[in-house]
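*Asks:* Whatever position you read off the sequence shown (first residue = 1), add 448 for the numbering used here. For each residue, glycine too, the CB sits at the ideal point set by N, CA and C. This one's a predicted model, so the numbers in the text were calculated from it and none came from an experiment. Please see the structure below; I have some questions.
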Amino acid sequence: DAHQSLMATRLRTEEMEPIAEMMDSSGFHSVEVWGGATFDVTTRFLAEDPWDRLRTFKRLMHKTPLQMLLRGQSLVGYRNYADDVVNAFIERSSEAGIDVYRVFDALNDERNLETAANAIKKVGKHLQMTICYSTTEEGRMGGPIYDLEYFIKRAQVFQSMGADSICIKDMGGLLAPYDAYDLIRSLKSILELPIQLHTHYTSGMASMTLLKAIEAGVDVVDTCLAPLALRTSQPAIEPLLVSLKGSERDPQLQLAPLLEMGDHLESVLIKYRNLISSTKTSVIDARVLSHQIPGGMASNLASQLREADALDRLPEVLAEIPITRAELGFPPLVTPISQMVGSQAVSNVLFGKYSMISGPIKDYIFGLYGRPPAPVQASVVEKALDGYKRGQEPFTGRPADLLEPEMPDARKAIKDISADPDDVLTYALYPTTGMKFLRIKHGFDPVPDEMKPYDEIGEPTRSTTVSSPFKGSDFAKSARARAFNVYLGDEVYQIEVDPIHVDPARPKSSTKNTESGTPAFTEHKPSSTSGLDPGDVGIKSPMPGLLLRHAVAVGQDVRAGDPVVVLEAMKMENSLPAPINGTVKSLPIAEGSSVVKGSMLAVISPLAQDTVGK
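Okay, structure coming up:
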């Protein structure tokens, strides 16, 4: 969580391996090594297999229990998955090395934890049920929603579900020291389970909060090594050990090996200084008590606005987030809800209030993520569910009951790439980015430069041009070739481009492989509108993202407002609508391609007369 909070989870396995055995010998209660964003980032940005990472850590750390963060029915993704995916994931991850599962739901809805809890108990692992800590508008525990009674009731429900321990997860650094004391003391008086506290330093209270929680009797606290501590990360362990030395709560850990491990991190982190650098001069962010953005989201939010060339709008977004949160029923800001609220706040600022509503927000309002702590604003419900595919009345049952089994389709989708259960689960979790990773892993596509390790100055290592022993027919055009229009003034030329990082002996594949149906992936730059015919209207990407799928086909008639393409931006699906009644003339970018702000995603020609739907 430390490198997730401060540097977008970019540490590589090889950079953590040198201190793994030393960490294993330090005497920790457990070491969190997996889950949350670590799974997504390894496949999306690092070209690493997360399953291999887990097995590597298990080989190097066999004395200390390995722990993971599991988002309940959402696992390590951004939506609820069917029960068969949850069961398969927990069975496989327990075999690969996870000993302790910290299981939470972003809405503290126990219905979203039932399947995961039962599966964890079935494989005989430690089930840590988690309460996501939040506040309403007061900035302290209390008020109409998040009072002491709320957390006590949640803890009692989770204890009844078979929890082996309870975690208070304060992802935003909102838990004040004396509130922590009252909360932990109350929970210790009514629970028969160990209690663990997870907090972030964001607001500046975390070290004080840990001390008061320790005084109140908390059993375990989460910390990290000093080089990756503070700011939006966890409190540093080193000063805490010194503070507790000789006291009744002295954890008896040795300082010297921790300092040595910190020295290793210092040597590694120098090449990530561009990621770690903050736009703030202060180590703390007192405004978190208002916007409540958790650490992992804070570092991503700034980078995503920077990519959208809208970093100057960050203050407006931070001001909008608590407003959006209140309109959506005061959900705790934790993955995936935090990304959903943050993404919607960005859309509200950049494009107008709820003029663009992401698919996950619509699903949330319908009830596919569970029960909001408070009612969603009626006007927002009406706007979000207008034309929603499942209906206009919110669903009140267990969200996963609406989901059909997903594993058979996942196995079928990658049958020509792999039958490995790890790979099937990776695809089931991330059909688009997971497929991109699997094609790289199994040699169908090269590793993109941006996925390669950083060099000593913090730049991704780049491919270089080399002489080739292949000549003549060795370089016959492959099925990977793509056609492009090149505009020079008023003249247009059509050229074809074939990727050079392809072994001529390797079987060739096309944009849509006829055997496997799997896409090849490219990145597209902004497009000019100069190539549009008179009257044509283009749909451009409003921000950087990933073109997940086309909702229409070329030649299809559409009405204004009909979905045309689905863009993943800020990890949320956004359906981009047709601006006019017309006919889809072209869809110039392949599904699965990365796009930048301004990329032309679709071209629509107006109809001579309104015949759409007739």
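If you run the structure through DSSP and keep just helix, strand and coil, what is Glu768?
*Replies:* helix
*Asks:* Does DSSP put Arg588 in a helix, in a strand, or in coil?
*Replies:* coil
*Asks:* In whole angstroms, what is the alpha-carbon distance linking Thr491 and Arg697?
*Replies:* 40 Å
*Asks:* Is it right to say His648 is buried, meaning 16 or more other beta carbons lie within 10 angstroms of its own, or is it exposed?
*Replies:* buried
*Asks:* What are the boundary residues of the beta strand (DSSP E) that includes Ala1050?
*Replies:* 1048-1054
*Asks:* Taking 7 Å as the cut-off, decide whether the C-beta atoms of Pro1011 and Pro1025 are in contact.
*Replies:* yes
*Asks:* Lys693 lies in the beta strand (DSSP E); which residues open and close that run?
*Replies:* Segment: none, Lys693 is in no beta strand (DSSP E) and carries neither H nor E.
*Asks:* Would the beta-carbon of Asp612 fall within 7 Å of that of Leu575?
*Replies:* Their beta carbons are under 7 Å apart, which means Asp612 touches Leu575 by this criterion.
*Asks:* Leu659 to Pro625, Cα distance in whole Å?
*Replies:* The alpha-carbon separation between Leu659 and Pro625 amounts to approximately 8 Å.
*Asks:* Should Gly664 and Arg633 be called a contact, given that it needs their Cβ atoms to be closer than 7 Å?
*Replies:* Checking the sequence shown, residue 664 turns out to be Ala, not Gly. Cβ atoms of Ala664 and Arg633: closer than 7 Å.
*Asks:* When you compare only the Cα positions, how much space is there between Asp871 and Gln840?
*Replies:* 37 Å
*Asks:* What are the complete beta strand (DSSP E) segments, minimum 3 residues, inside the region 782-835?
*Replies:* none
*Asks:* So, is Asp951 buried or exposed, given that buried needs 16 or more other C-beta atoms within 10 angstroms?
*Replies:* Interpretation of Asp951 is limited by its pLDDT of 40, a score under 50 that renders its predicted location unreliable; the figure taken from the coordinates is listed afterwards. Classification of Asp951: exposed, given that the 10 Å Cβ count is below 16.
*Asks:* If you follow the alpha helix (DSSP H) that Glu708 is part of, which residue opens it and which one closes it?
*Replies:* 703-717
*Asks:* Counting C-beta neighbours from all protein chains within 10 Å, is the total for Ser803 16 or more, i.e. buried, or is it exposed?
*Replies:* Ser803 should be labelled exposed.
*Asks:* May I ask you to report which of helix, strand or coil DSSP gives Met656?
*Replies:* DSSP places Met656 in the helix class (H, G or I) of the three-state scheme.
*Asks:* Would you call the CB atoms of Leu1015 and Gly993 closer than 7 Å?
*Replies:* yes
*Asks:* With DSSP run on the structure shown, which of helix, strand or coil describes Arg460?
*Replies:* coil
*Asks:* By the three-class DSSP mapping on this structure, what secondary structure does Thr844 have?
*Replies:* The answer is coil: DSSP assigns Thr844 none of H, G, I, E or B.
*Asks:* Please identify the residue among Ile809, Ser715, Lys801, Val934 whose C-alpha is closest to the C-alpha of Asp903.
*Replies:* Cα-wise, what sits closest to Asp903 is Ser715.
*Asks:* What is the DSSP secondary structure of Ser453, reduced to helix, strand or coil?
*Replies:* helix
*Asks:* In its own chain, which residues sit with a C-beta less than 6 Å from the C-beta of His1064, not counting the 5 before and 5 after it?
*Replies:* Absent from the structure is residue 1064, since the part of the chain shown begins at 449 and ends at 1062.
*Asks:* Provide the residue span of the beta strand (DSSP E) that contains Lys988, from first to last.
*Replies:* 985-988
*Asks:* May I ask which residues mark the beginning and end of the beta strand (DSSP E) holding Thr1031?
*Replies:* 1030-1034
*Asks:* State whether the region 516-524 contacts the region 467-487, with contact taken as three or more CB pairs (one from each stretch) at a distance under 8 Å.
*Replies:* yes
*Asks:* When the distance is taken between beta carbons, is Ala734 closer than 7 Å to Val765?
*Replies:* no
*Asks:* Reducing DSSP to helix, strand and coil, say where Tyr720 ends up.
*Replies:* Assignment of Tyr720 by DSSP, reduced to helix, strand and coil, places it in the helix class.
*Asks:* State the Cα-Cα distance for the pair Arg761 and Arg754, rounded to the nearest angstrom.
*Replies:* 10 Å
*Asks:* Please confirm whether Leu514 and Ile546 have their CB atoms less than 7 Å apart.
*Replies:* Yes, the pair counts as a contact, with Cβ atoms nearer than the cut-off.
*Asks:* Per DSSP, Asp1005 is paired with what?
*Replies:* DSSP links Asp1005 through a beta bridge to Thr1031.
*Asks:* Just how far apart, CA to CA, sit Leu635 and Leu1049?
*Replies:* Linking Leu635 to Leu1049 through their CA atoms gives a straight-line distance of about 53 Å.
*Asks:* Please state whether DSSP places Ser958 in a helix, a strand or coil.
*Replies:* Because the pLDDT at Ser958 is just 38, under 50, the model does not fix this residue reliably, and the point stays unresolved.
*Asks:* May I have the straight-line CA-CA distance separating Ala456 from Leu723, to the nearest angstrom?
*Replies:* 7 Å
*Asks:* Buried or exposed for Pro498, going by 16 or more other Cβ atoms inside 10 Å?
*Replies:* When all chains shown are included, Pro498 counts as buried.
*Asks:* For Gly1009, which residues of its own chain have a beta-carbon under 7 Å away from its beta-carbon, when the five flanking residues on both sides are left out?
*Replies:* Pro1025, Ala1026
*Asks:* Just the C-alpha distance for Tyr836 and Ile805, rounded to the nearest angstrom, thanks.
*Replies:* 11 Å
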